[in-house]
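Quick note, the sequences are listed as chains A and B, same order.
Residue numbers for the first sequence follow the working numbering, beginning at 1 and rising by one.
Residue numbers for the second sequence follow the working numbering, beginning at 1 and rising by one.
Where is the CB? At the ideal position from N, CA and C, for every residue including glycine.
No experiment lies behind these values; they were computed from the predicted model shown.
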Amino acid sequence: MVASTLGNNGAKARVEDEIFGRGRDLRGSGFRTLLLSCLGVSLLVLVVLMVQVVSDGWSVLSTRPIDFLTGVLRSQPGDDALGISQGLVGSFWIAVFVTFLAFPVGIAAAVYLEEYAKQNRVTTIIDTAVRNLAGVPSVVYGLLGLFLLVKGSKYTNWLFVHPFNWFWKLFKDEAAFQGQSTLIAGGMTLAILVLPIVIITAAEAIRAVPSSLRQGAYGVGATKWDVIRTQVLPYAAPGILTGTLLSLSRAIGEAAPLILVGAITGRLAPRESVLSGIGSFTEQFADKFTAMPIVIVGWIRQPGETFQPAAGAAIVVLLILVIAMNSVAVALRNYFEKKRG
Amino acid sequence: MTDVGINAPELGRVSEISIETLAGPKKRARKEAAIRSFFFFAASVSVLISVLIVGSLMKETWTFVSEVDWSVTWGEIGWFPRQGLYDMPTLLVSSLIVTIVAMLVAGPLGLGSAIYLSEYASKRTRKFLKPILEVLAGVPSVVLGFFALVFISPQVIERIGRNGWLVIGALIIVVYLMLVLGWARQLVRREAGTELSTQVKRVMVLTLLVASALILIWWVNGVAGSSDPEAANFFTVKGSGQLAAAAVGVGILTIPLVASVSEDALASVPDELRQASAGLGARKMTTTVQVVLPAAVSGIVAAFIIGVSRAMGETMVVFLAGGAADQAEFTASPFDGGMTMTAAMASLATGTDSVVGEALTFQSLFFVGSVLFLITLALNIVASRFVNRVREKY
Numbered sequence: 001m002v003a004s005t006l007g008n009n010g011a012k013a014r015v016e017d018e019i020f021g022r023g024r025d026l027r028g029s030g031f032r033t034l035l036l037s038c039l040g041v042s043l044l045v046l047v048v049l050m051v052q053v054v055s056d057g058w059s060v061l062s063t064r065p066i067d068f069l070t071g072v073l074r075s076q077p078g079d080d081a082l083g084i085s086q087g088l089v090g091s092f093w094i095a096v097f098v099t100f101l102a103f104p105v106g107i108a109a110a111v112y113l114e115e116y117a118k119q120n121r122v123t124t125i126i127d128t129a130v131r132n133l134a135g136v137p138s139v140v141y142g143l144l145g146l147f148l149l150v151k152g153s154k155y156t157n158w159l160f161v162h163p164f165n166w167f168w169k170l171f172k173d174e175a176a177f178q179g180q181s182t183l184i185a186g187g188m189t190l191a192i193l194v195l196p197i198v199i200i201t202a203a204e205a206i207r208a209v210p211s212s213l214r215q216g217a218y219g220v221g222a223t224k225w226d227v228i229r230t231q232v233l234p235y236a237a238p239g240i241l242t243g244t245l246l247s248l249s250r251a252i253g254e255a256a257p258l259i260l261v262g263a264i265t266g267r268l269a270p271r272e273s274v275l276s277g278i279g280s281f282t283e284q285f286a287d288k289f290t291a292m293p294i295v296i297v298g299w300i301r302q303p304g305e306t307f308q309p310a311a312g313a314a315i316v317v318l319l320i321l322v323i324a325m326n327s328v329a330v331a332l333r334n335y336f337e338k339k340r341g
Numbered sequence: 001m002t003d004v005g006i007n008a009p010e011l012g013r014v015s016e017i018s019i020e021t022l023a024g025p026k027k028r029a030r031k032e033a034a035i036r037s038f039f040f041f042a043a044s045v046s047v048l049i050s051v052l053i054v055g056s057l058m059k060e061t062w063t064f065v066s067e068v069d070w071s072v073t074w075g076e077i078g079w080f081p082r083q084g085l086y087d088m089p090t091l092l093v094s095s096l097i098v099t100i101v102a103m104l105v106a107g108p109l110g111l112g113s114a115i116y117l118s119e120y121a122s123k124r125t126r127k128f129l130k131p132i133l134e135v136l137a138g139v140p141s142v143v144l145g146f147f148a149l150v151f152i153s154p155q156v157i158e159r160i161g162r163n164g165w166l167v168i169g170a171l172i173i174v175v176y177l178m179l180v181l182g183w184a185r186q187l188v189r190r191e192a193g194t195e196l197s198t199q200v201k202r203v204m205v206l207t208l209l210v211a212s213a214l215i216l217i218w219w220v221n222g223v224a225g226s227s228d229p230e231a232a233n234f235f236t237v238k239g240s241g242q243l244a245a246a247a248v249g250v251g252i253l254t255i256p257l258v259a260s261v262s263e264d265a266l267a268s269v270p271d272e273l274r275q276a277s278a279g280l281g282a283r284k285m286t287t288t289v290q291v292v293l294p295a296a297v298s299g300i301v302a303a304f305i306i307g308v309s310r311a312m313g314e315t316m317v318v319f320l321a322g323g324a325a326d327q328a329e330f331t332a333s334p335f336d337g338g339m340t341m342t343a344a345m346a347s348l349a350t351g352t353d354s355v356v357g358e359a360l361t362f363q364s365l366f367f368v369g370s371v372l373f374l375i376t377l378a379l380n381i382v383a384s385r386f387v388n389r390v391r392e393k394y
């Protein structure tokens, strides 16, 4: 009799329902829906945000997209020459500073912490410093830049200027860091800001390198540096690249430290073309500057919302840059995770 | 590997292999040492930066502390740095409001997302859902500031309006008290089973009760004012841009951070616990709420503390959407314009090329920065204690 009831499909489903509670666990499915809706809210916010900035910037983006990219900062919102080229140039150079200062130092620091460091007090101090730096609010880095690199002092000169005088001479005749807010100050501040992020992500990537690779290399007589150069770094490269791309996009979107360091929010005289000479090219590093997020801040804070379309359009450009970088980083990580199982 | 310095004929004569031969040429050892010290130098840069941050904060802060007339830093009408009034409670209370409201947004949403991704989502749905948080994490704070100013403030905060916020405030109080009471009942029930010491428990219960009392007073104040529609009170929405609008923006920015730290904590809970719970006949929800969450509680607390620290340090959203420029009167209402510590710093640095004004204005920037730095540092240290506790446990 049991067999005949179980043979009946409807009854079988009923028994299964009894056992697995499918469709009955109302609290459970309610809970699940509630959790899913948390992600849904985030998605909703993203969509509304995108729609808002695109619709605000549409009047600019649809009528004069090229002029907007090549234009300069102006005091009138209707000015035909209004645009973000100075912001793009400033952000580009900041990215260059981050690439050439924060990446080498950060990756080298990660190599030290993962490959060389022994369990001792010095290592603990370095490790603590990195972790705490990662949690320092970005404005505080701005204060560091303002104090050291903009206002300057005899300590700054002693630390940064005198030892590298030959270097600064490339940019300007007199020494930098003398009460002027400069592109160098902005770039260095952001390089310092992302350094802990680069270290932490690179260290994670290096930690994931299987130790069998190292042992194999040691076994055939490689030195530590050989192992790092030929085994560890190539294997960890995708992970390191992901981290560096994420920190680069962070540096490009960051505004607070640049405001403290004194990036220009109002008008900025257009710079002579790079083609007009090497002097003009190098001098820009020791001159006033602006950057994409700062251009946006300047326009949002103009009274009367007259600059709102321009701000919306600039945000669209910034978002495209940042999200493109992040997507490449995430895609890269997923590709290698999949490839390596 | 050409400089290894051992060649085959030498290896053949066993008697000639010495420690020196195996160690290789001196040149190679020197090169390795040089490379090692280069890496060490790179690693010590972060220590140097920490020292420089503390040093640059200390110098101007010391000038401010030693020269300021302390009566202007406490109990004045507000933060008017260019008139020489540096009222710290104005900034501290605003920072507190923004942090609390931001965590009311980011806490539940971040934790909920983390639980879904870690416990419920299959590998495939995860692939579609995780990028939502990753994109959100990449949105620059100026963009959220713009969004808070042109959307959240007029379309959410002002549209819901005074009466709406009174009701929402009451709902928050009810939910909060239910959670506190439910949790306290559980604590009493399972006195022996939890790993927290009784002292910690007492402190936590006390904090929660004090917080409940404060929220109740805040709400009663709003209700009491409602008999006189003209009188401004906590729930009167003012101006364009309010602390609440900025705080919601900050909260949205904090969601991915809270989510990713909590997800790490949930992922570190061993699967054996889930399997044992399922084996005893518990449903998914029961397993999640009664087994996984308590096991990951240290990490989740850490996620919240890191979120608080991040929310307190967030600058641009409050600077753009907080509803105050350059100066602010004291306010304890989230529906009023106000200035947090971070926004005050950004305001001080804009306007002119450099910070000018009353004699100590420049120094006040560093003083506020030091206070902010110390608060976030303390929070981060506490958070890393909690994170380590999870690591040690599993």
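Are residue i and residue j touching if we call contact CB-CB under 8 angstroms?
| i | j | result |
| --- | --- | --- |
| Met341/B | Leu372/B | yes |
| Glu60/B | Phe336/A | no |
| Val317/B | Ser141/B | yes |
| Leu258/A | Ile300/A | no |
| Ala314/A | Ile296/A | yes |
| Ala346/B | Ala256/A | yes |
| Pro303/A | Ser59/A | no |
| Ala291/A | Gly142/A | no |
| Ser138/A | Gly55/B | no |
| Ala321/B | Val98/B | no |
| Ser212/A | Leu109/B | no |
| Gly71/A | Ser85/A | yes |
| Ile305/B | Ala383/B | yes |
Considering Cα atoms alone, identify which of the options is closest to residue i.
| i | options | result |
| --- | --- | --- |
| Ala102/B | Leu257/B, Phe366/B, Leu208/B and Phe39/B | Leu257/B |
| Thr99/A | Thr189/A, Pro293/A, Val150/A and Arg207/A | Thr189/A |
| Ala251/A | Val387/B, Gly138/B and Val269/B | Gly138/B |
| Phe366/B | Glu134/B, Leu320/B, Tyr86/B and Ser333/B | Tyr86/B |
| Ala267/B | Ile300/B, Val237/B, Ala282/B and Val248/B | Ile300/B |
| Ala81/A | Phe68/A, Asp127/A, Arg340/A and Lys12/A | Phe68/A |
| Val237/B | Ile381/B, Phe335/B and Ile100/B | Phe335/B |
| Val93/B | Pro25/B, Gln363/B, Ile172/B and Ala244/B | Ala244/B |
| Val180/B | Ile157/B, Ala148/B, Ala211/B and Ile160/B | Ala211/B |
| Thr182/A | Gly28/A, Gly243/A and Phe97/A | Phe97/A |
| Val150/B | Ala349/B, Ser240/B, Ala33/B and Glu272/B | Ser240/B |
Among the residues of its own chain, which have a CB less than 6 angstroms from the CB of residue i, if the five just before and after it don't count?
| i | result |
| --- | --- |
| Ala106/B | Gly251, Thr254, Ile255, Val258 and Gly307 |
| Phe39/B | none |
| Trp165/B | Phe235 |
| Asn326/A | Ser249 |
| Phe146/B | none |
| Ser354/B | Since pLDDT at Ser354/B reaches only 46, below the 50 mark, its modelled position is unreliable, and the value read off the structure follows with that caveat. There are no such residues. |
| Phe307/A | Pro77 and Trp299 |
| Glu76/B | Leu85 and Asp87 |
Beta carbon of residue i: closer than 7 angstroms to some heavy atom of the ligand GTP?
| i | result |
| --- | --- |
| Val111/A | Within the structure as shown, the ligand GTP is missing, as the structure has no ligands at all. |
Can you have a look at residue i and say buried or exposed, based on whether 16 or more other CB atoms are within 10 angstroms of its CB?
| i | result |
| --- | --- |
| Val397/B | Any answer about residue 397/B is impossible in this case: the structure gives chain B only from 1 up to 394. |
| Gly262/A | buried |
| Gln369/B | This sequence places Gly at residue 369/B; Gln is not what is there. Result: buried. |
| Asn388/B | exposed |
| Arg124/B | exposed |
| Ala114/B | buried |
| Ser153/B | buried |
| Lys288/A | buried |
| Val174/B | exposed |
| Met88/B | buried |
| Thr223/A | buried |
| Arg431/B | Residue 431/B lies beyond the range of chain B shown here (1 to 394); nothing can be said about it. |
I'd like the list of long-range same chain contacts for residue i, defined as Cβ closer than 7 angstroms, with 5 residues on each side in sequence excluded.
| i | result |
| --- | --- |
| Leu241/A | Leu332 |
| Thr63/B | Gln363 |
| Ala344/B | Trp79, Leu91 and Val368 |
| Ser273/A | The predicted position of Ser273/A is uncertain, since its pLDDT is 46 and thus under 50; a value taken from the coordinates is nonetheless stated next. Nothing listed; no residue qualifies. |
Who are the near neighbours of residue i in its chain, counting only those whose CB is closer than 8 angstroms to its CB and skipping five residues on each side?
| i | result |
| --- | --- |
| Val390/B | Ala265, Ser268, Ala296, Ser298, Gly299 and Ala302 |
For chain C, is any of its Cβ atoms less than 8 angstroms away from the one on residue i?
| i | result |
| --- | --- |
| Glu76/B | Annotation note: the requested chain C is absent from the structure, which comprises protein chains A and B. |
The segment 227-241 of chain A in contact with the segment 118-137 of chain A per 3-pair CB rule at 8 angstroms: no
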